[in-house]
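Protein chains in written order, with our numbering: chain A, 14 to 190; chain B, 14 to 190.
For every residue, glycine included, the Cβ atom is placed at its ideal position computed from N, Cα and C.
Here's the structure we're looking at; comments come further down.
Number of protein chains: 2
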Amino acid sequence: MKPLRGISLKRFFQKHPRPDRELVLMLQDVEDPVNVGASFRTADALRCSQVVLTGISARPPHKLITKVGRGKDRRVRWRYAEDSAAAVDELRAEGFEVLALEITEDAIRVDARSYSARVCLVVGHEDHGVTRRTLERCDGSVFLPMYGKGASMNLSVALGIAAYTVLHAGKVSDAPP
Amino acid sequence: MKPLRGISLKRFFQKHPRPDRELVLMLQDVEDPVNVGASFRTADALRCSQVVLTGISARPPHKLITKVGRGKDRRVRWRYAEDSAAAVDELRAEGFEVLALEITEDAIRVDARSYSARVCLVVGHEDHGVTRRTLERCDGSVFLPMYGKGASMNLSVALGIAAYTVLHAGKVSDAPP
Numbered sequence: 014m015k016p017l018r019g020i021s022l023k024r025f026f027q028k029h030p031r032p033d034r035e036l037v038l039m040l041q042d043v044e045d046p047v048n049v050g051a052s053f054r055t056a057d058a059l060r061c062s063q064v065v066l067t068g069i070s071a072r073p074p075h076k077l078i079t080k081v082g083r084g085k086d087r088r089v090r091w092r093y094a095e096d097s098a099a100a101v102d103e104l105r106a107e108g109f110e111v112l113a114l115e116i117t118e119d120a121i122r123v124d125a126r127s128y129s130a131r132v133c134l135v136v137g138h139e140d141h142g143v144t145r146r147t148l149e150r151c152d153g154s155v156f157l158p159m160y161g162k163g164a165s166m167n168l169s170v171a172l173g174i175a176a177y178t179v180l181h182a183g184k185v186s187d188a189p190p
Numbered sequence: 014m015k016p017l018r019g020i021s022l023k024r025f026f027q028k029h030p031r032p033d034r035e036l037v038l039m040l041q042d043v044e045d046p047v048n049v050g051a052s053f054r055t056a057d058a059l060r061c062s063q064v065v066l067t068g069i070s071a072r073p074p075h076k077l078i079t080k081v082g083r084g085k086d087r088r089v090r091w092r093y094a095e096d097s098a099a100a101v102d103e104l105r106a107e108g109f110e111v112l113a114l115e116i117t118e119d120a121i122r123v124d125a126r127s128y129s130a131r132v133c134l135v136v137g138h139e140d141h142g143v144t145r146r147t148l149e150r151c152d153g154s155v156f157l158p159m160y161g162k163g164a165s166m167n168l169s170v171a172l173g174i175a176a177y178t179v180l181h182a183g184k185v186s187d188a189p190p
């Protein structure tokens with residue numbers, strides 16, 4: 014088993030086309046620039062169309078975001094919106110299904126549902142999660158099952174798993190967002 | 014949508030039992046304590062039976078591992094092995110299917126195969142990946158499809174996605190590891 018590098022790596026990936034689903038990541042009040050940087054790298058890898066940073070989220074230009082994100086904050090389209098709830102409203106008006114990654118009573122397992130053609134995933138502050146005000150504006154919430162003593166994962170890890178799962182989920186549902 | 018906390022959160026998770034597959038994470042030469050810490054947190058969340066740190070991997074006790082891992086380095090069983098290749102041999106002898114998260118010519122998409130009842134996932138150094146010597150001892154390799162300008166994700170994010178996918182993969186294959 015030889016690891017692939019350079020051009021053969023590029024060719025390898027070309028054999029695996031991206032599913033045809035638009036994906037936006039919204040980071041609400043994500044304070045840690047390490048999480049923001051790692052999320053930019055995820056956004057690049059999954060070819061997300063946009064990263065929306067809201068509230069008190071760390072944002073470029075920031076040395077740690079660029080370092081951890083390997084410069085992807087300069088490759089991935091992003092914007093800042095102070096008010097997350099308003100940003101959710103806008104995305105929904107544009108036809109996005111906006112889903113919070115949050116454990117609520119009616120949250121659905123991220124791998125147990127279908128998704129529409131345009132999805133925005135919202136993650137919240139490292140300790141406090143997505144605010145209630147923002148949750149109320151979302152179309153719903155999804156969660157990752159967890160089995161440990163802790164009830165959470167690292168934010169950028171959780172977002173990565175959820176985004177990867179949503180992007181590759183089989184059916185594009187016809188349900189209006 | 015009200016976020017769940019405390020006891021209602023615990024009850025919520027109890028409704029989603031863990032799949033019956035043993036999972037071990039091996040980190041070869043993972044230098045960044047932030048990645049090691051986040052991986053401990055993932056290991057706790059997925060109830061991995063063990064984390065094996067090898068080579069020059071950062072290891073506890075380490076302030077950043079504990080901080081990023083929210084103390085999970087004290088909850089999750091772990092051990093250090095200098096020689097990754099030997100550690101792979103040992104795990105295979107114990108009946109584990111040992112798979113590198115690495116893009117090799119014969120790598121299989123992580124979500125396109127079945128797994129045996131005991132799986133060890135091996136990730137390598139942030140820049141250099143799993144060494145050839147270790148790769149040669151593994152049963153095979155798996156990869157995550159990527160669609161961006163970069164050809165990799167943050168290590169702890171990639172490991173999280175792969176580990177989550179392996180744990181939840183439907184069939185337990187009968188193939189001898």
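Contacts of residue i in chain E (Cβ-Cβ under 7 Å)
{"i": "S154/B", "result": "As a matter of chain content, chain E is missing from the structure shown, whose protein chains are A and B."}
Test: residue i CB closer than 9 Å to a CB of chain A
{"i": "L17/B", "result": "yes"}
{"i": "E107/B", "result": "no"}
{"i": "A71/B", "result": "no"}
{"i": "R34/B", "result": "no"}
{"i": "V47/B", "result": "yes"}
{"i": "L148/B", "result": "yes"}
{"i": "V65/B", "result": "no"}
{"i": "A100/B", "result": "no"}
{"i": "R54/B", "result": "yes"}
{"i": "H75/B", "result": "no"}
Per-residue contacts from residue i into chain B (C-beta, under 9 Å)
{"i": "S169/A", "result": "A51, N167, S169, V170, G173"}
{"i": "H181/A", "result": "D124, P158"}
Beta carbon proximity, residue i to chain B, threshold 9 Å
{"i": "L38/A", "result": "no"}
{"i": "E103/A", "result": "no"}
{"i": "A188/A", "result": "Any reading at A188/A is ruled out, since the residue's pLDDT is 49, under 50, leaving its predicted position unreliable."}
{"i": "R60/A", "result": "yes"}
{"i": "E115/A", "result": "yes"}
{"i": "D42/A", "result": "no"}
{"i": "V111/A", "result": "no"}
Pick from the options that is closest to residue i, judged by C-alpha positions
{"i": "R72/B", "options": "A94/B, D57/B, T55/B", "result": "A94/B"}
{"i": "R92/B", "options": "M159/B, A176/B, S62/B", "result": "S62/B"}
{"i": "V49/B", "options": "G84/B, K28/B, R18/B", "result": "G84/B"}
{"i": "R24/B", "options": "T117/A, G137/A, A176/A", "result": "T117/A"}
{"i": "A125/B", "options": "A58/B, S52/B, P158/B", "result": "P158/B"}
{"i": "E139/B", "options": "L40/B, K15/B, L17/B", "result": "L40/B"}
{"i": "L66/A", "options": "R150/A, S129/A, E149/A, A99/A", "result": "A99/A"}
{"i": "G153/A", "options": "L38/A, A120/A, I20/A", "result": "A120/A"}
{"i": "I37/B", "options": "P46/B, L59/B, R145/B, D45/B", "result": "A quick correction: the sequence has Val, not Ile, at residue 37/B. If we check each option's Cα against that of V37/B, L59/B comes out closest."}
{"i": "G142/B", "options": "M14/B, V64/B, G68/B", "result": "G68/B"}
Amino acids of chain B, ordered along the chain, whose beta-carbon sits closer than 7 Å to that of residue i
{"i": "E118/A", "result": "K15, L17"}
{"i": "R24/A", "result": "Within 7 Å Cβ-Cβ: nothing; R24/A doesn't reach chain B, min ~11 Å."}
Per-residue contacts from residue i into chain A (C-beta, under 9 Å)
{"i": "R88/B", "result": "G161, K162, G163"}
{"i": "K85/B", "result": "G161, K162, G163"}
The ligand ATP heavy atom lying under 8 Å from the CB of residue i
{"i": "E95/B", "result": "Of ligands this structure carries none, so the ligand ATP is not represented either."}
Contacts that residue i makes with chain A (C-beta to C-beta distance below 7 Å)
{"i": "D57/B", "result": "G161, K162, G163"}
- Message: Taking contact to mean 3 or more Cβ pairs, one atom from each stretch, closer than 8 Å, check whether the segment 28-42 of chain A and the segment 164-173 of chain B are in contact.
- Response: no
- Any residues in the segment 128-142 of chain A with a beta carbon nearer than 8 Å to a beta carbon of chain B? Which ones, in chain order? G142
- Say whether the segment 105-112 of chain A touches the segment 125-140 of chain A, bearing in mind that this needs 3 or more beta-carbon pairs closer than 8 Å, one atom from each stretch. Here the segment 105-112 of chain A makes contact with the segment 125-140 of chain A; the two share three or more CB pairs at distances below 8 Å.
- Query: Can we say the segment 73-81 of chain B touches the segment 110-119 of chain B, given the rule of at least three CB pairs closer than 8 Å?
  - Reply: With the cut-off at 8 Å, the segment 73-81 of chain B and the segment 110-119 of chain B do not touch.
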